[in-house]
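Position in the sequence shown (first residue = 1) + 1074 = the numbering used here. What follows is a short report on a single structure.
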Amino acid sequence: MKYQDKIKKAKTKLMLEQPYFGTIASAIILEKNNDILTFINDGEKMCYNSEYLDKLSVDEVEFIVANAAMHSVLNHQKRSTHRTRWLWQTATDYVVNAMLVNNGMPLPLYANYESQFENMYAEEVYEILRAEMISNGQSSMGEEQQDIIDSDDVDAPNLHLQKDIIPSNEALNSKIDSNEKEQNNIGAEVSFVDEEMKEQFEQIFQKLKRQGTLPKNIHYVVPEYFSHRIDWREFLYVHIAEYAKSTYSFSPPNMKYLYRGIYLPALSSDLLRIVIAIDTSGSIDKTLLGIFLDEVSSIMQQYPNYEIDLLTADAKVQSHKVFLPAEALEYKVSGGGGTDFRPVFEFIEQHIDSPSLLLYFTDGEGTYPKNEASYDVLWMMPERKNVPFGEVVVFT
């Protein structure tokens, strides 16, 4: 069967068996390009090598067409700002493939898939992969991360390398050194989903939602233009990431691959140093307090190198403890009185040197400081309240 027939049959199968994926795929432009090894997706169209498709089964073609479609829908290209490009592409591929597998699609050989990443956001997966790279073998790269450099990935623009060509130290060093500049100019390099396509995707979503034929677990990964509100976890991870950027260096090189004559950078991480305050006043019930503590624990798990000043407070600061990597979040929570936010800011001013960010988990009912803090403040609330400064992140 020729590649043209495989594409037609794959799209037909998607429409019949997976109507959401199939409908999205029908809106994506497919373009032959034998200058690439496999296929890539820029958000609006998928380019493919026809000789590569000729070697695949219809099921495999169906999977990669659905993969390309979902990368467009999830807006992963645009969300890569301030992240290492190839690692971000790997993380997003894990998210997309997990959803496709959860909806009964057969997984092609060598596809990026781990069951632990099911029902997770790309931002969460990215931080897990980044942490694993740092912790495994003194910052050595894992096999999945090596694969993204050695081979073609469905969504890695400008990172498709011939398998028999190993980049030189100078060339790869240049790519890593220019990574920050590349990210800052990402909007000029990648063709993002335009407003017309966004509207088209949303119409498809709403139609199939009414019909009850949306894919399983899509609510975990659907972007903000479906619900018209920013996902709070995505916003939080993006904001925190600004204070914990990774760096790559060839001094020393990654020893795991050096014996093979492959010079790859080793990964190190800047220290994440933030302050987290938890409202333990009488208006915070056990359920809400549990949510607060779960999110603090999640932040600690996502970042391998941190120093977090954790405060609990009601009308006064009840406790203060500094948490370092690998420490369990175990200590007694006290409080139960009224709510006054001022003591936390006064405590920080007197006892904590130059904080960059304060996350304040609260219901928002209390007395606020009159003067704006000299550092960034994120108010984490179950519903939006007016605050005198900082940003409110509403979690659901």
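For glycine and all other residues, C-beta sits at the position ideal for the given N, C-alpha and C.
Range of the contiguous beta strand (DSSP E) that encloses Tyr1434 = Numbered from 1 along the sequence shown, position 360 holds the residue referred to as residue 1434. Tyr1434 -> beta strand (DSSP E) spans Leu1431 to Phe1435.
Distance, Cα to Cα, Met1179 vs Val1396?
-> As a working note, residue 1179 is residue 105 in the sequence shown. As a working note, residue 1396 is residue 322 in the sequence shown. Met1179 and Val1396: Cα-Cα distance of roughly 46 Å.
Please report the Cβ distance between Ile1278 and Thr1097, rounded to the nearest whole angstrom; I am assuming they are in contact, meaning their Cβ atoms lie under 8 Å.
-> Here residue 1278 corresponds to residue number 204 of the sequence shown, with the count starting at 1. Here residue 1097 corresponds to residue number 23 of the sequence shown, with the count starting at 1. Confirmed, about 5 Å.
Buried versus exposed call for Gly1286 [16 or more other C-beta atoms within 10 Å across all chains shown] | Here residue 1286 refers to the residue found at position 212 when the sequence shown is read from its first residue. Exposed, by the Cβ-count rule.
Looking at the structure shown, is Thr1287 part of a helix, part of a strand, or coil, going by DSSP?
-> Against the sequence shown, residue 1287 aligns to sequence position 213. Looking at Thr1287 - three-state DSSP - the assignment turns out to be coil, as it is neither helix nor strand.
Count the other C-beta atoms from every protein chain shown that fall within 10 angstroms of the C-beta of Asp1226, then say buried if there are 16 or more, exposed otherwise.
-> Position 152 of the sequence shown, counted from the first residue, corresponds to residue 1226. Residue placement at Asp1226 is flagged as unreliable, the pLDDT there being 37, under the threshold of 50; the coordinate-derived value follows with that caveat. Buried, by the Cβ-count rule.
Distance, His1425 Cα to Tyr1377 Cα | Position 303 of the sequence shown, counted from the first residue, corresponds to residue 1377. Position 351 of the sequence shown, counted from the first residue, corresponds to residue 1425. Computed Cα separation, rounded: 24 Å.
Determine the closest residue to Ala1172 out of Arg1204, Pro1289 and Ser1448, with distance taken between C-alpha atoms.
-> Taking the sequence shown and counting its residues from 1, one reaches residue 1172 at position 98. Per the Cα distances, Pro1289.
Hey, could you find the ends of the beta strand (DSSP E) Val1468 is sitting in?
-> Numbered from 1 along the sequence shown, position 394 holds the residue referred to as residue 1468. Run containing Val1468: Glu1465 to Val1468, per the beta strand (DSSP E) assignment.
Label Gly1438 either buried or exposed according to how many other C-beta atoms from any shown protein chain fall within 10 Å of its C-beta, with 16 as the threshold for buried.
-> By one-based count along the sequence shown, residue 1438 stands at place 364. Flag for Gly1438 reads buried.
Indicate the three-state DSSP secondary structure (helix, strand or coil) for Val1461 in the structure shown.
-> One-based indexing of the sequence shown puts residue 1461 at position 387. Reduced to three states, the DSSP call for Val1461 is coil.
May I ask which residues mark the beginning and end of the alpha helix (DSSP H) holding Asn1141?
-> As a position in the sequence shown, residue 1141 is number 67, starting the count at 1. Taken as a continuous stretch (DSSP letters only), the alpha helix (DSSP H) holding Asn1141 covers Val1132 to Val1147.
Burial state of Glu1457, where buried means 16 or more other Cβ atoms lie within 10 Å = The residue you call residue 1457 lines up with position 383 of the sequence shown. The residue in question, Glu1457, is exposed, as its Cβ has fewer than 16 Cβ neighbours within 10 Å.
Would you mind stating whether Asp1414 and Ala1389 have Cβ atoms separated by less than 8 Å?
-> Walking along the sequence shown from the start, residue 1414 turns up at place 340. Walking along the sequence shown from the start, residue 1389 turns up at place 315. Yes, the pair counts as a contact, with Cβ atoms nearer than the cut-off.
Please go through the same chain and pick out, in chain order, the residues whose beta-carbon is closer than 6 Å to the beta-carbon of Phe1463, but skip the five residues on each side of it.
-> The residue given as residue 1463 occupies position 389 in the sequence shown. Once the five neighbours on either side are set aside, the close Cβ partners of Phe1463 are Glu1446.
Is it the case that the Cβ atoms of Lys1082 and Asp1128 are separated by a distance below 8 Å?
-> Locating residue 1082 in the sequence shown gives position 8, counting from the first residue. Locating residue 1128 in the sequence shown gives position 54, counting from the first residue. For Lys1082 and Asp1128, no; Cβs fall outside 8 Å.
If you run the structure through DSSP and keep just helix, strand and coil, what is Glu1105?
-> For this step, residue 1105 is matched to residue 31 along the sequence shown. Note: Glu1105 maps to strand in three-state DSSP.
How about Tyr1434: is its Cβ closer than 7 Å to a heavy atom in the ligand ZN?
-> With respect to the ligand ZN, the structure offers nothing, as it holds no ligand at all.
Assign Leu1181 to one of three DSSP states: helix, strand, or coil.
-> In the sequence shown, the residue the question calls residue 1181 occupies position 107. DSSP places Leu1181 in coil when its eight states are reduced to three.
Look at the alpha carbon of Val1391 and the alpha carbon of Tyr1311, and state the distance between them as a whole number of angstroms.
-> In the sequence shown, counting from the first residue as 1, residue 1391 sits at position 317. In the sequence shown, counting from the first residue as 1, residue 1311 sits at position 237. Distance between the alpha carbons of Val1391 and Tyr1311 is about 26 Å.
Specify the secondary structure class of Gln1190 as computed by DSSP and reduced to three states.
-> Counted from its first residue, the sequence shown places residue 1190 at position 116. Residue state, collapsed to three classes: helix.
Enumerate in chain order the residues of its own chain whose CB-to-CB distance from Ala1165 is below 7 Å, with the five nearest sequence positions on each side excluded.
-> Translated into the one-based positions of the sequence shown, residue 1165 becomes position 91. Closer than 7 Å at Cβ, skipping near neighbours: Ala1196, Val1199, Tyr1200 and Leu1203.
Pick out whichever of Val1175, Pro1429 and Asp1353 has its Cα sitting closest to the Cα of Gly1411.
-> Residue 1411 sits at position 337 when you count from the first residue of the sequence shown. The shortest Cα separation from Gly1411 among Val1175, Pro1429 and Asp1353 belongs to Asp1353.
Sort out for me which residues DSSP pairs Ser1100 with in a bridge.
-> Counting from 1 along the sequence shown, the entry for residue 1100 is found at position 26. According to DSSP, Ser1100 bridges with nothing at all.
Can Leu1431 and Tyr1449 be called in contact, C-beta distance under 8 Å?
-> Position 357 of the sequence shown, counting from 1, holds the residue named residue 1431. Position 375 of the sequence shown, counting from 1, holds the residue named residue 1449. Yes.
Residues in its own chain within less than 6 Å of Glu1465 by CB, not counting five upstream and five downstream?
-> Position 391 of the sequence shown, counted from the start, is the residue given in the question as residue 1465. Within the same chain, Glu1465 has close Cβ partners Leu1452.
Look up Glu1381 in the DSSP assignment and give the residues it is bridged to.
-> Stepping through the sequence shown from its first residue, residue 1381 is reached at position 307. Partner(s): Arg1347.
Do you know how far the Cα of Val1461 is from the Cα of Ile1365?
-> Locating residue 1365 in the sequence shown gives position 291, counting from the first residue. Locating residue 1461 in the sequence shown gives position 387, counting from the first residue. Their backbone Cα atoms lie some 21 Å apart in a straight line.
Taking just the CA atoms, how far does Val1468 sit from Asn1115?
-> Translated into the one-based positions of the sequence shown, residue 1115 becomes position 41. Translated into the one-based positions of the sequence shown, residue 1468 becomes position 394. Asn1115 and Val1468: Cα-Cα distance of roughly 33 Å.
Residue nearest to Val1349 in terms of C-alpha spacing, selected from Ser1100, Ser1189, Gly1440 and Ile1314 = As a first step, residue 1349 is located in the sequence shown; it is residue number 275 there, counting from the start. With distances taken between Cα atoms, Val1349 lies closest to Ile1314.
Strand pairing of Asn1115, partner residues [DSSP] | Position 41 of the sequence shown, counting from 1, holds the residue named residue 1115. BP columns for Asn1115 point to Met1120.
Take Tyr1380 as the anchor and find which of Ala1387, Thr1386 and Ser1371 has the nearest alpha-carbon.
-> If you number the sequence shown from 1, residue 1380 lands on position 306. With distances taken between Cα atoms, Tyr1380 lies closest to Ser1371.
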